[in-house]
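My numbering puts the sequence shown at residues 5 to 420.
For glycine and all other residues, C-beta sits at the position ideal for the given N, C-alpha and C.
No experiment lies behind these values; they were computed from the predicted model shown.
As structure tokens, the structure follows; a few thoughts come after it.
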Amino acid sequence: MADHPIDTPPRAPSPVHRFGTLAVHAGSPHDPVTGAVIESISLSTTFAQTAVGQPIGKYEYSRSSNPNRDNFETAVAALENAKHALAFSSGSATTAVILQSLAAGSHVISVSDVYGGTHRYFTQVASAHGVKVTFTPEIEVDIRQHITPDTKLVWIETPSNPTLRLVDIRAVATQAHQHGIKVVVDNTFMSPYVQNPLDHGADIVVHSVTKYINGHSDVVMGVAAFNSEEMLKRLSFLQNAIGAIPSPFDCWLAHRGMKTLHLRAREATTNATSVAKALEGSPHVIAVNYPGLNSHPHRAIAIKQHRNGMGGGMLSFRIQGGHAAAERFCQATSLFTLAESLGGVESLVEVPSSMTHAGIPKDQREAVGVYDDLVRMSCGVEDAEDLKADVLQALEKAVVLPKITNGLNGFAHRAK
Ligand SMILES: *Cc1c(COP(=O)(O)O)cnc(C)c1O
């Protein structure tokens with residue numbers, strides 16, 4: 005690797021165990037008093053001290069730190085090959101705290117098609133404390149043109165949402181590091197099982213834990229993982245000072261969910277691959293966006309950056325028949341629930357142009373491929389054959405049936 009050794013951040017020690025073993029055991033000590041195999045939920049907000057300023061253990065007050073959050077953070081760090089992780093009350097709070105860590109007057113370069121809430125924070129909140137964000141659709145190509153002396157951070161989301169375009173993390177990090185700029189990767193869509201951005205040169209990896217890490221659609225939470233001690237000091241100070249922290253119960257639930265991440269991520273990839281191939285073979289589909297398909301324009305990046313070239317559980321496709329067909333499709337599926345969000349055990353479907361991405365003006369949306377006829381799917385861990393059958397029957401209902409009905413109406417009209 006033609007990397008720049010001076011700029012390479014300190015790495016976490018090489019793990020002794022593999023992913024599945026770490027998912028189950030990292031940050032999961034047996035209770036030293038009772039022997040409980042599963043940690044208890046520590047709801048106490050405060051911890052006793054034996055003398056003034058001398059707590060019995062390592063805890064004082066639960067916003068600053070508590071056992072469940074500590075254990076969850078230890079586990080995430082292990083799965084992202086990071087030295088440190090810090091948990092927050094949501095993915096959005098994680099983003100906010102990282103942006104808050106920049107001095108007023110700082111400049112950020114971001115990929116164009118970031119998560120809607122990230123875009124909202126960058127354009128409507130960060131500016132209020134003097135941080136300016138520039139967006140680019142081709143960050144690997146034109147990052148240099150956007151760098152100014154004030155540029156402190158580059159923000160990447162790969163795959164992007166909802167078009168599943170990929171960014172070469174190493175290519176961007178190499179250029180950013182030459183200018184002393186840190187690189188953040190939002191890894192929510194892939195989860196730590198499929199992609200570990202720090203291994204490709206990123207400085208911080210962030211997740212909406214709400215999605216794959218928790219995986220059961222019952223917790224809203226976020227996490228950031230990184231190697232630098234300086235970053236730990238700054239971000240843990242803000243974690244405590246701002247106080248956007250998750251509850252012990254949510255940490256416990258998310259940690260439990262994460263213990264099966266490898267199983268869920270493999271199954272979701274199997275299912276999404278099967279659905280993507282069925283869609284690709286259908287005459288009712290204009291185009292399929294799935295990084296696990298050889299037809300994906302960035303397939304080479306997927307092979308380099310994702311575990312075994314896996315495509316993950318997310319895909320999107322353009323349906324024949326425009327926006328109305330996209331809406332009909334989402335109502336015609338029986339296993340895929342029409343809902344926002346992703347990464348849970350259950351499959352979900354949505355129309356980005358009127359749901360998750362409705363806030364983006366139409367011309368800006370279409371410039372990055374978010375057309376009115378685009379449907380986004382999150383494949384869960386049901387059986388692949390059932391999901392495939394559900395998608396194919398919904399396509400018939402959404403595209404073919406209306407044509408027949410319209411045809412009959414036309415016939416009836418002429419016959420009159
Ligand atoms: C959901 C999501 C977020 C925001 O996370 P919350 O937990 O909902 O605040 C950020 N990035 C991506 C890619 C997401 O999907």
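Shortest gap from the CB of Glu-77 to any heavy atom of ligand 1: 7 Å or more. Checking the 7 Å criterion, the Cβ of Gly-384 is out of range of every heavy atom belonging to ligand 1.
Within the segment 283-342, the runs of beta strand (DSSP E) that reach at least 3 residues and sit entirely inside it are, in chain order, 289-293, 318-323.
By alpha-carbon distance to Leu-170, the top candidate from Ser-105, Val-80, Val-115, Ile-42 is Val-115.
Three or more beta-carbon pairs separated by less than 8 Å link the segment 36-45 to the segment 66-78, which places the two stretches in contact.
Your pair Ile-173 and Val-158 does not check out as a contact, with CB atoms roughly 10 Å apart and the cut at 8 Å. With 16 or more other CB atoms across the displayed protein chains lying within 10 angstroms of its CB, Ser-221 is buried. Sequence-distant Cβ neighbours of Pro-166 in its own chain, meaning closer than 6 Å and more than five residues away, are Ser-320, Pro-356, Arg-380. Relative to ligand 1, Phe-193 has its C-beta within less than 7 Å of a heavy atom. Relative to ligand 1, Thr-122 has its C-beta within less than 7 Å of a heavy atom.
Taken through DSSP and simplified to helix, strand or coil, Met-262 comes out as helix. Counting the other Cβ atoms within 10 Å of the Cβ of Ala-89 gives 16 or more, which makes it buried.
Inter-residue distance for Ala-328 and Ala-130 is about 37 Å (C-alpha atoms, whole angstroms). In this structure the segment 384-395 touches the segment 335-353; the number of beta carbon pairs closer than 8 Å is three or more. DSSP, reduced to helix, strand and coil, places Met-194 outside both helices and strands of the structure shown, so it counts as coil.
Going by C-alpha positions, Ala-304 is about 13 Å away from Arg-311. Annotation for Thr-54: Ile-60 place their beta carbon closer than 7 Å to its own, counting only its chain and skipping 5 residues before and after.
Taking a cut-off of 8 Å on C-beta distances, the segment 258-272 does not touch the segment 290-307, as fewer than three cross pairs fall below it.
With 16 or more other Cβ atoms inside 10 Å of its own Cβ, Ser-195 counts as buried. In terms of side-chain proximity, the C-beta atom of Tyr-119 is found nearer than 7 Å to a non-hydrogen atom of ligand 1. Of Phe-253, Ala-180, Glu-142, the smallest CA-CA separation from Pro-153 is found for Ala-180. Taken through DSSP and simplified to helix, strand or coil, Ile-208 comes out as strand. Comparing alpha-carbon positions, the option among Asn-218, Leu-396, Ala-393 lying closest to Phe-76 turns out to be Asn-218.
Counting C-beta atoms within 10 angstroms of its own C-beta, Ala-100 has 16 or more neighbours from the protein chains shown and is therefore classed as buried. The alpha-carbon separation between Gly-317 and Tyr-294 amounts to approximately 9 Å. With a cutoff of 8 Å on beta-carbon distance, Glu-344 and Thr-360 are scored as near each other.
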